[in-house]
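Residues in the sequence shown are numbered consecutively from 1, following the numbering used here.
Heads up: the structure comes next, in structure tokens.
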Amino acid sequence: MNYLNDAVAAEATASSVREAGGRAITVRGDVALEADTLAVFDAAEAAFGPLHGVVANAGIVAPPLRLAEMSVERMRRVVEVNLLGALLTARETARRMRGGSLVLVSSVASRVGSPDEYVDYAAAKGGVDTLTLGLAKELGPAGIRVNAVRPGTTTTDIHARNGTPDRAARVGATMPLGRAAEPQEVAEAIVWLLSDASTYVSGAILDVSGGR
């Protein structure tokens, strides 16, 4: 399990995996840096052996702004983490994994565009969608399935960190299902795409967005 800033939360999640009978390690690294991404993969292989499944879940948003107000530093960081990070993770998966499943975490923002708030984030996640489609064709002959999950508004702390802690409740109330997603609901979709229950699913982008 890769993390960058919150070691306590990462270790708590790893502990819950162990308590459920699984195995887990935590590795600090910035997915936008090639050396850090390589180190995460090296640590995973050293601890667990050959890879069978990879989830590219790292992502950030910045405070809501219109594009005209965004700095180049903000845009660069958003694209580096959300798109370059996915590309580096996918590349190492292609290099190291023999068969198995890669799940990329996109966002419903790639489909709705997030005007007046996060068009930089939406554009980066649109790149993740395109990566999913192309890489599924590229890696299919090697027996690697590539899919994406596209969550909608979810009750995580990603928005609290950028100054909008009420966003999940506020936006969730406007969804057809009347609420934001719980993290477990998104995780279940990811687990399904990793599992043998989806062995003929590749190149799919699965919306988990409450009907948005």
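Virtual Cβ for every residue (Gly too), placed ideally from N, Cα, C.
Around LEU135, the same chain offers ALA90, ALA94, LEU102 and VAL146 as residues with beta carbons nearer than 8 Å, after the five sequence neighbours per side are excluded. Fully contained in the region 111-178 are the following beta strand (DSSP E) runs of length 3 or more, in chain order: 144-151. 8 Å or more divides the Cβ of LEU67 from the Cβ of VAL17. Taking the CA atoms as reference points, VAL171 sits about 11 Å from GLY210. Ranking VAL81, ALA197, MET75 and GLN184 by CA distance to the CA of THR153 puts GLN184 first. Bounds of the beta strand (DSSP E) holding SER101 are 100-105. Annotated as distal: ARG150 and SER202, with beta-carbon spacing of 8 Å or more. For LEU206 and ALA35, the gap between their C-alpha atoms comes out near 30 Å. Per DSSP, the beta-bridge partners of ASP207 are ARG150.
A direct Cα-to-Cα measurement between GLY21 and ALA47 gives close to 16 Å. The alpha-carbon separation between ARG167 and LEU38 amounts to approximately 34 Å. The Cβ neighbour count for ALA10, taken over all protein chains shown within 10 Å, is at least 16; the residue is labelled buried.
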